[in-house]
Each structure stands twice: as structure tokens, then as C-alpha cells.
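Residue numbers (my numbering): 2 to 585. Working notes, structure below.
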């Protein structure tokens, strides 16, 4: 009986034979972490134990053939698994004999005459150099330093696979047997659409087949689908070009996890498409329901307006990602000097979910400069600290978030004053509110006073004697102490990274830790300093300072006066502290 739907699983040698593969720049970088790599290794262990010749379904490859070529393909889907298997084959080539090494390299790594070699798999521009110079070479990071999380993941995958190979060969499994499993037992479903329109449909299929993608990836795939269905070649070109820049900026900002990418998208949808908080959490689905491709295909005007709107949205995403980069990986090249300290202070807060749409609306509408932006960013920083960081101001982390999201979208689209403040309420003191900038300032002040008025705010720095709270665990303590130090030394610049680094990531000379002046275990073993009042004093905000780690590690549980001498005068080879608030 004939099977009309038979599709043969392709092996790695069949896939790579004479072909070259490219991961386009609009695709995310290498994203497999230890969990995915370990799952692949377990699959291979099972296949090594299974003596049957049945091919193991390994995944699907969706390829788009490059125009004017017969053997070059962009990888639409399946790039993570294929990249990992190429790393695997490179690791095998590093431990086999020279003849087999040459065969593996020519098949899967690099081909061509000397001086004209080409890599069989080329990653996107962010990771290509690191992949070729380090992972597919000798893993010497001096040739191409690690600068992105995708670089770390690539090297981690290489190291995990190398370790696994060593364990297998040490246990007596020949390297040739492992290579045979990779080449003969792994099978892929390979699909390469003949028409560009089919490729667009495949992007939507990928979105909806249950594979874990961030909302941002789903929206990218849907935008490509829209550009093809609407026959909008310029939109398709802009998606390809701008998405590469979006990915680069998010990589530099180290905001590349599915959750972080989805948060970024949510903030952008709130501002650009005026989505409310609930809709923005399902941005991909809501965006699909709003665009209505079927209606666009029946109405030329609606089609053209939709294309223009999507082009504007892509531009908005690109600029927003760039400001993400400015905030989380600052270089400040070309930025207004007055903006820099404000961005630094907001970055130091390390809590941004409620204010991020407003931040993006402000910097984009004001083009990153001007007195209005300076004033509003300063106000936004104060609001964020008082409402969302100060101890005990709100019972929920997202209190009032919906209001702030509305302010952001209406401010960006020039509708804040008219929508939120009635004509009869626009006289504030001796000032009449006449524009959105004044309206925003008024609304943010009212918001702050409502959720964290002055009396509550002042009280948040005091510790109730009956409260079990310990200011050492307060998320805002580093930011607070940094600002206290800045107020004492206004002409001294504090490197924000020194308070944002984790202790394990910081070197002793570039990390500021939070230090107890009165140590929690001071004389406890002697039965002293363990009264209820002592426990209270050790948890008060006044018992903490920022301190250079090089001095903090010298302090331990000694008496406060002994520690103070070390901090103020230095200890052995360590210089005294540079921080003025420690000296008070």
C-alpha cells in the first residue's frame, strides 16, 4: 500500500552535504542553557545503549533558500539544536585521529582551499566571531572576549559536551561509535518552502506549535508573516534590518531571557499601541486581534495604514531597545550630559517594572534631551524610590501600575492633559496646566503623595521595635546609601556598577558591600549582645554602611571600635575607606 505522506528523516551528513547554513541577524543568539544540553546528552546515552538501527527523531529544520544560490540556506527554525550538534562534532574532532578530524571538519566545520575556507554554519553577527574564533577553534577567549550571554552559553555547551565525551571514552565507548550515533541515528524533518509566502506562514506555524518562545520572538515572527501576506517588501526589509539592532541592544543590556524579552515587549506595547496592563501581558495575541490581516487584504486604505503603523512600531522597538542599552549597559556616547546622572540613578534602583513605560515614553518623545526630560526623569526616580522601593509603602509591587502605564501611552500620543484632567481642575496654585508636560508633572506628584506621602515615607526609614524586619534585606539599601554618600560628597562620582555587582562577581577593589557596623554575631558566643534591644539595634538602618569589600572582609565579627579603626586608618596592606559616610 502506497503512503502518500511519507517524509524521510534526514541525517546530519545528508543535511550538510555541499550545503551552507546561515542564522539571520534578526534571530536571537544561542539560547540553550545547561538543561537543554543535558537533555540532548541523555538522548545520546539512550541511543548508545540501543543497538537498533531506527532513526531517532531529533527535531525539525525549517530552511529558507537564499536567492540566486543553490546550496545556501537561512535557518528559520532549528538553529539552536543544529548549532549544538556542530559544537558536538567539533568536540569529537578534537579527540579523534587526524584523518577522522579532517573528514569531520570538511563535512561540518569549514570547507574550501587554504585561504578560501568557508564555515558550513555561520551564526548571526553578534556571535559569529566568538563561535568561529573560540568555540570552533581552541576555546581561547583572548581571541574574542566574552561580551554577551550567548557567548557564555556557547562556551558552556562546548565544555559540557567535552566533559561528557571524556566520561564516555574513559568508560570504554569508542569515539567512532559516538560519531556513528550522531551521523546515522539522529533524524531531522527538513522543510524548505519554495515560495516566500510559504516561509511567512511557517513563522506563524512556529509560533503556535507549542514551542517555548518569548512574546518578543512571537511578535517578530508574526510581523514577518504580516509583511509577506501584505506583500510589503520594504516592511520585511526593515524587520530584518531593525530586528538585528534590537537583538544587539538587548544582548548588550543582558536582557535576553524569555521573561526579560517579554517584559521589554510589554512596555513597548503599552506605550505605542496604548495597551492596558492586562492586554500587554498577552501582547502577541492582542496584536493579532488588532491587526486583522484578512480585513487588510480586502481594503487598500486599511492595508496601507497597517503597513505604516507596523513600520512605525518596528522603529519604536529599535529606539526603545537602544534606550534599554543606554540604561543597562551605559556608554552614553552622543547623549545629553545632563541626562547621564539621572539614568545612572535610575539604573541603580534596580526596580523598574512600574516606571519603564514612562521612561521610554519620556526619552523617545523628548528625543533624549532637554530641560523637560531632565525634570521628568528626576521626578520619575523619586516616585520609583518612594512608592516601589521604600520599605512598606505598598502591599503589592504593582500598586498603581495601571495608572502609570496609561500616563505613559497618553503622554507619548499627546493626549494626557485632555484625558486625565478636566478643564475646571487645571488651575493648580498659581499655575494653569496647559500642556502634557505640566499635566504629567502634576499627575506624578499627586500619584507619589497618594501612595507614599511625606509622613509615611519618613516613617519607612524607622524600625518598629516589634517588627522582625531587618534593613540588611531591604532591596533599596545600596541605592539609599549610595545617595547618602553622594549628598556628602557631591563632587565625587560613584561607579554604579560597584553597588550593582553581586559579591561573587566583584573583585575586592571594585565592589561596595553592605556592612554591619555592629556585627550580628559580635560576642554572641560569650553570652553578650544578644538581648532583644541588641537584636533591634543590629537591624536598624543606622547600623549599615557601604564599604569596599577589601575592608569588609577584614571586619568579621569584631567589636565596632576595632572595625572602625581598620576602616578609617587602614589595615595591614589595605588603605582606609574612601567613603565619607563611613567616617561620620
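A virtual CB, placed ideally from N, CA and C, is assigned to each residue, including glycine.
Distance between residue 18 and residue 176, taken at the CA atoms: about 22 angstroms.
Taking a contact to require three or more Cβ pairs closer than 8 angstroms, the segment 35-46 and the segment 151-164 qualify as touching. Per the Cβ contact rule, the segment 348-360 is in contact with the segment 488-502 (3 or more Cβ pairs under 8 angstroms). The DSSP-derived three-state label of residue 61 is strand. Remark: C-beta atoms of residue 134 and residue 145 approach each other more closely than 8 angstroms. When secondary structure is reduced to three states using DSSP, residue 182 falls in the helix class.
Closest option to residue 243, judged by alpha-carbon separation, among 108, 475 and 312: 312. For the 8 angstroms CB-CB criterion, residue 240 and residue 309 do not form a contact.
In this structure residue 515 does not touch residue 563 by the C-beta definition: roughly 19 angstroms separates them, more than the 8 angstroms allowed.
About 7 angstroms separates the CB atoms of residue 248 and residue 30; that is less than 8 angstroms, so the two are in contact. The C-alpha of residue 578 lies about 22 angstroms from the C-alpha of residue 523. Beta-bridge analysis with DSSP links residue 78 to 63. Nearest to residue 366 by C-alpha distance, out of 483, 461 and 409, is 409.
In the DSSP assignment, residue 321 falls outside any beta strand (DSSP E) and within the unbroken alpha helix (DSSP H) covering 301-329.
Three or more beta-carbon pairs separated by less than 8 angstroms are not found between the segment 46-53 and the segment 105-125, which leaves the two stretches without contact.
For residue 439, the three-state secondary structure derived from DSSP is helix. Your pair residue 166 and residue 93 checks out as a contact, with CB atoms roughly 7 angstroms apart and the cut at 8 angstroms. Sequence-distant partners of residue 518 (beyond 5 residues in either direction) whose C-beta falls short of 6 angstroms from its own C-beta, in its chain, are 544 and 561. According to DSSP, residue pairing for residue 11 in a beta bridge involves 189. By the beta-carbon neighbour count (other beta carbons within 10 angstroms, threshold 16), residue 431 is exposed. Per DSSP, residue 22 is one residue of the beta strand (DSSP E) stretching across 21-23. The beta carbon of residue 217 sits closer than 7 angstroms to those of 262, 263, 265 and 266, all from its chain and outside the five residues before and after it, given in chain order. In the three-state reduction of the DSSP assignment, residue 570 falls in the helix class, which pools H, G and I. Ranked by Cα distance from residue 512, the first of 222, 535, 483 and 533 is 483. Within its own chain, the residues whose Cβ lies closer than 7 angstroms to the Cβ of residue 80, once the five positions on either side in sequence are excluded, are 24 and 28, listed in chain order.
For residue 90, the CB contacts under 6 angstroms within the same chain, skipping 5 residues up- and downstream, are 105 and 109 in chain order.
By alpha-carbon distance to residue 180, the top candidate from 189, 289 and 169 is 169. The beta carbon of residue 158 is closer than 7 angstroms to those of 33, 38, 85 and 88 in its chain, skipping five residues each way along the sequence. Contact annotation: residue 63 and residue 78 have beta-carbon atoms nearer than 8 angstroms. In the three-state reduction of the DSSP assignment, residue 428 falls in the strand class, which pools E and B. Secondary structure at residue 263: helix, using DSSP grouped into helix, strand and coil. In the DSSP assignment, residue 517 falls within the unbroken beta strand (DSSP E) covering 513-517. Sequence-distant Cβ neighbours of residue 389 in its own chain, meaning closer than 6 angstroms and more than five residues away, are 352 and 355.
The three-state secondary structure of residue 575, taken from DSSP, is strand.
The segment 316-326 and the segment 275-286 do not touch, with fewer than 3 CB-CB distances between them shorter than 8 angstroms.
Ranked by Cα distance from residue 534, the options 468, 305, 379 and 321 are led by 468.
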